[in-house]
Structures are given as structure tokens and as C-alpha cells.
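The sequence shown begins at 51 in this note's numbering and counts up one residue at a time.
Quick reminder that beta carbons are idealized off the backbone N, C-alpha and C, glycines included.
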Amino acid sequence: MNITSDVKDAKLTATVTIPAADVDAAIKKAYREAAKKYRFPGFRAGHAPRPVIDNMLGSQAVLAQATEDVLRANEPQVINELDIVPVKEADYSGVDNMLVDHEDYVYTIEFALRPSCELTSYDPVEIEMPPAEVTEGEIDAQIDMLLGYHASFSDVERPVAEGDYVTVDIEDVKGAEALAGEGRMIVAGSGSISAAFDEGLIGMAVDESKEISWTPEGDDAEEVTVKVTVKGIRERTLPELTDEFAKESFGFDDVAAMRDAVKIELDADKSSKLPGIKENRAVAKLAERLDLEKVDEDYEQSVFSELGQNFLQSLAGRGMSLDTWLQMSNMSTEAFLADLHRQADDVARESLALDALARELKVEVTDEDVDAEFERAGVEDPAASKAAFIAEGRMPAIRDSIRRSKACDWLVETAVVTEVDEFAKADAE
């Protein structure tokens with residue numbers, strides 16, 4: 051098989067030539083399968099000769115099936131040889147010829163690819179990171195969370211303040227059917243609905259009603275409006291942390307012992323999470339340099355589909371349906387899909403940014419890199435798994451992943467880090 055290709059505007063057009071010998075083999079196979087699939091009077095199953103099959107089915111029908119079989123069977127090899135990762139199914143609309151005995155078969159196929167973008171800068175990124183050591187502010191925050199399990203709530207007669215637990219009736223005025231309901235509990239300032247909703251809620255009094263409007267995030271999002279009526283305001287109060295309380299409620303000898311234990315736990319947790327935090331922040335910062343106004347729809351949709359499938363598989367692993375999760379999360383299907391599209395756009399931009407960096411760094415992927423990737427996957431038979439990926443045309447995706455990983459390693463290693471105690475910074479503000 052011989053392949054030539056041309057790329058323009060993220061579309062790759064490949065011209066494929068299949069040798070006559072392979073064409074003849076494909077036609078013979080199609081006739082054998084037709085002989086097995088259909089009954090031909092006077093012949094045992096699978097033994098009807100070609101003239102009989104042509105007379106009963108028509109030669110064009112068999113050749114059409116042979117052509118389709120060849121096109122689909124060859125697609126993984128075409129993808130592997132071109133080393134591409136299409137963002138949607140291949141386009142065969144230009145194929146209008148069928149296999150002909152003893153002749154080479156030439157056809158054209160088109161693949162949609164993700165766009166090739168540039169970055170505004172390829173210098174190391176600058177990011178902020180939490181201190182490697184556990185800070186007093188982090189210990190305070192963790193202890194506050196533990197004390198929260200013993201918090202008390204009391205009704206107050208003042209206007210709503212940030213952090214209050216507010217009971218509200220929400221009436222849909224425009225485009226907010228999923229939010230409507232009576233007796234809903236909202237934590238003011240939590241951002242559970244939107245920043246604009248929180249801003250409108252804070253300062254309201256019991257029995258006061260108000261219309262609040264905002265536009266959700268998303269390219270095609272339309273403004274929504276709700277009518278909110280405050281039915282009750284409760285203030286959350288944490289208990290005072292004393293030696294006696296630390297002992298009775300948490301089993302520590304005193305407050306100092308409790309703080310020491312929390313520090314040890316936070317230190318272990320921090321050591322495991324900091325590398326991931328650094329990578330996420332470095333990649334997000336790199337994506338800000340992507341010279342791209344809008345992500346290609348086909349590529350965004352392919353990322354969206356992958357994220358959706360992964361999320362559904364995660365839910366299935368927990369024995370939960372999407373409908374159940376949406377109900378538990380108090381989220382509408384529309385809001386879920388909009389949020390998933392936002393995630394897809396972020397992931398797509400980060401991937402394109404890493405692709406650009408990998409090209410700038412001239413990252414290469416060796417056979418040893420590929421073998422190591424399958425070994426790390428923890429599959430029972432890495433060689434068999436690799437063979438399956440090749441047969442399915444998925445090896446270019448593996449090489450893509452390795453290229454991005456190498457670019458990401460460079461990005462993290464060269465990142466200019468400024469340590470910021472975010473808890474202390476919040477207290478100062």
C-alpha cells in the first residue's frame with residue numbers, strides 16, 4: 051500500500067494506492083464470504099463458484115462489499131502510517147469507484163485533525179505554589195473544618211451576610227427551571243449558583259423578595275432570571291477549641307497535640323499532592339499563551355465526548371447513574387453539559403499548548419518510549435496490548451500522549467516558582 055498526503059486548514063487528504071495483488075485477494079475473500087452467507091441451490095454452503103454468485107447476487111453487489119471491506123480494514127494502517135489522530139470519523143465521500151480485478155485500487159480519504167497552533171512565548175512559565183512546609187494557616191483551616199462537624203446554628207434577624215445559611219424560595223422568571231423550588235438552603239457567598247446570585251442575596255432581609263439576573267458561562271449561554279424570597283437566615287457558629295474540647299470531641303490530650311497530629315496528616319497529604327498541583331498550574335499558565343481565539347468545533351467535540359465517556363464510566367464504577375448524580379448534585383442536564391463543554395475547552399487548549407511546546411522543543415518519541423508506556427500501563431500482556439493498538443490505528447494517540455508528557459516534564463522542571471501562603475494572603479485581604 052502506498053500513501054501520499056496533503057494537509058490544509060487542519061484537513062488531511064490522503065491518496066491511497068492498493069496493489070493489484072491485494073485487490074484480487076480482497077475480491078476472492080468477498081466471494082468466499084458471500085458463498086458462506088447465502089444459500090445457492092445445488093451447492094454446499096461456501097462452495098458456490100463466482101459465476102453462480104454473480105448470477106444470483108450480481109457482481110456489483112459483491113464488489114461493493116469487497117470495496118467497503120478494504121476501505122475499513124485499511125483505515126487503521128493509513129492512520130498509523132500517517133501518524134495522525136483524527137478528531138472525528140474519516141470522510142469517504144469522495145470515494146465513488148469499486149475494486150476491479152487485477153488492477154491497482156486508488157482512492158482518496160479525508161481526516162479532520164486538531165489545529166496546529168503557536169504560543170505567544172516559549173519561555174518557562176511563572177507560577178505560584180503553596181509552601182512545601184505546612185503553614186499555621188493550613189492547620190487552622192483544617193481544624194476549622196473539623197470543628198465544623200460540631201457547629202451550631204441560630205436564627206438571626208439581621209440581613210444576609212457572607213457565610214450565612216439562608217432558606218429561600220426560588221421562582222423561575224426566565225430560563226432557570228432547574229433552580230426553582232421552595233425551602234432551598236443556600237450558603238451565602240459559596241458560589242453554588244453564581245457570583246451574581248450571591249451578590250444579590252447578601253444584604254436581603256427575611257420575607258424580602260428580589261429578582262436576580264446573570265448570564266451563565268458558555269459561548270451560547272443566555273441570561274437567566276430568578277425571583278428570590280428569603281424565608282430564614284441562620285448563622286453558623288463554631289465551638290471554642292479548648293484542651294477539654296479537643297480531648298472530649300477528638301481524643302487528643304490537648305490543643306497542642308491536636309495541632310501536631312493535624313500537621314503530620316497535612317504534611318503527608320501535601321507531599322503527595324504538590325507535584326500534581328505544580329503540573330496543573332504550569333499547564334494552565336502555558337495554555338494562557340495559546341495564540342487561538344476559539345477552539346475548533348470538531349476538536350472540542352472530540353474532547354467533550356472523551357470527558358463525558360470517562361465521567362459516565364466513573365459513575366458506573368460507583369454504581370450510580372447520571373440521573374442520580376444530577377439529582378444529588380442539584381444540577382440540571384443543561385448545566386451539566388454546559389460545564390462539561392467548558393472543561394472540554396480548557397482541556398483542548400491545554401493539549402494544543404503542550405503540542406506547540408513539544409514542536410518547539412523538537413520532542414521525539416522512540417520505540418523504547420512506546421514500549422515503556424505499555425509496560426507502565428500494568429496490562430497483563432504489554433506486547434498483545436501494543437499489537438491491538440496497532441491493529442486499531444491507535445498508536446499515533448499513544449505517541450501523542452508521550453510527546454505531551456515529555457513537553458510537560460520540561461515545563462514543570464523549568465517553571466519559575468514563587469511560594470505563596472494562600473491562607474495568610476486571604477487573612478491579609
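query = Is it right to say Met-195 is buried, meaning 16 or more other beta carbons lie within 10 angstroms of its own, or is it exposed?
reply = Stepping through the sequence shown from its first residue, residue 195 is reached at position 145. Under this definition Met-195 is an exposed residue.
message = With three or more C-beta pairs closer than 8 Å as the rule, is the region 313-331 touching the region 352-372?
response = no
query = Taking C-alpha atoms, which residue in Val-218, Ile-193, Glu-261 and Ser-171 lies nearest to Ala-296?
reply = The residue labelled residue 296 in the question sits at position 246 within the sequence shown. Residue Ile-193 is the option with its Cα nearest to Ala-296.
key: Whole-Å CB distance - Ala-255 paired with Asp-248, under 8 Å assumed   = The count along the sequence shown starts at 1 and reaches residue 255 at position 205. The count along the sequence shown starts at 1 and reaches residue 248 at position 198. With a Cβ gap of about 16 Å, Ala-255 and Asp-248 do not count as contacting.
key: Residues bridged to Leu-107 [DSSP beta-bridge criterion]   = Against the sequence shown, residue 107 aligns to sequence position 57. According to DSSP, which records beta bridges pairwise, Leu-107 is partnered with nothing at all.
Buried/exposed call for Ala-69, threshold 16 Cβ in 10 Å = Along the sequence shown, one-based indexing puts residue 69 at 19. Looking at the sequence shown, residue 69 is not Ala but Pro. Exposed, because fewer than 16 other Cβ atoms sit within 10 Å of the Cβ of Pro-69.
key: Where Asp-405 falls, given that 16 or more other Cβ within 10 Å makes a residue buried   = In the sequence shown, the residue the question calls residue 405 occupies position 355. The residue in question, Asp-405, is buried, as its Cβ has 16 or more Cβ neighbours within 10 Å.
inquiry  = DSSP three-state label for Asn-380, please.
reply    = Working through the sequence shown from its first residue, we reach residue 380 at position 330. If DSSP states are grouped into helix, strand and coil, Asn-380 belongs with coil.
Three-state secondary structure (DSSP) of Leu-357 = Counting from 1 along the sequence shown, the entry for residue 357 is found at position 307. In this structure, Leu-357 counts as helix in the three-state DSSP scheme.
ask   = Once you ignore the five residues that flank Asp-304 on each side, which residues in its own chain have a CB closer than 8 Å to its CB?
value = Residue mapping note: residue 304 aligns to position 254 of the sequence shown, counting from 1. Here the set comprises Asp-293, Ala-296 and Lys-297.
ask   = How many angstroms separate the CA atom of Ile-177 from the CA atom of Val-466?
value = Against the sequence shown, residue 177 aligns to sequence position 127. Against the sequence shown, residue 466 aligns to sequence position 416. If you take the alpha carbons of Ile-177 and Val-466, they lie about 6 Å apart.
key: Beta-carbon spacing of Leu-336, Glu-188 below 9 Å   = Taking the first residue of the sequence shown as position 1, residue 336 is located at position 286. Taking the first residue of the sequence shown as position 1, residue 188 is located at position 138. Against a cut-off of 9 Å, the Cβ pair of Glu-188 and Leu-336 comes out as no contact.
task = Give the single residue among Leu-288, Leu-402 and Ala-334 whose Cα lies nearest to the Cα of Asp-203.
result = Here residue 203 refers to the residue found at position 153 of the sequence shown. Checking the sequence, you will find Phe at residue 203 rather than Asp. Checked all of Leu-288, Leu-402 and Ala-334; the closest Cα to Phe-203 is Leu-288.
key: Residue of Tyr-157, Glu-267, Gly-443 and Leu-251 minimising C-alpha distance to Ile-134   = Numbered from 1 along the sequence shown, position 84 holds the residue referred to as residue 134. If we check each option's Cα against that of Ile-134, Gly-443 comes out closest.
key: Residue ranges of each beta strand (DSSP E) within the region 58-117, 3 or longer   = 61-68
Supposed contact pair Tyr-349 and Arg-164 - C-beta distance, whole angstroms, cut 8 Å = As a working note, residue 164 is residue 114 in the sequence shown. As a working note, residue 349 is residue 299 in the sequence shown. That belief holds up - the Cβ atoms of Arg-164 and Tyr-349 are roughly 4 Å apart, short of 8 Å.
Thr-464: first and last residue of the uninterrupted alpha helix (DSSP H) it sits in = Counting from 1 along the sequence shown, the entry for residue 464 is found at position 414. Run containing Thr-464: 445-464, per the alpha helix (DSSP H) assignment.
request  = Tell me Trp-375's beta-bridge partners as DSSP assigns them.
outcome  = Translated into positions along the sequence shown, residue 375 becomes position 325. DSSP, once it has assigned bridges, lists no residue as partnering Trp-375.
message = Mapping the DSSP letters down to three states, classify Lys-412 as helix, strand or coil.
response = To locate residue 412, count along the sequence shown from 1; it is residue 362. Of the three classes helix, strand and coil, the one that applies to Lys-412 here is coil, per DSSP.
key: Beta-carbon gap between Tyr-215 and Arg-284 smaller than 9 Å   = For the purposes of this step, residue 215 is taken as residue 165 along the sequence shown, with counting starting at 1. For the purposes of this step, residue 284 is taken as residue 234 along the sequence shown, with counting starting at 1. The answer is yes: Cβ separation under 9 Å.
request  = Determine the contact status of Ser-382 and Ala-228, defining contact as a CB-CB distance below 9 Å.
outcome  = Translated into the one-based positions of the sequence shown, residue 382 becomes position 332. Translated into the one-based positions of the sequence shown, residue 228 becomes position 178. Cβ distance < 9 Å, so Ser-382 and Ala-228 count as in contact.
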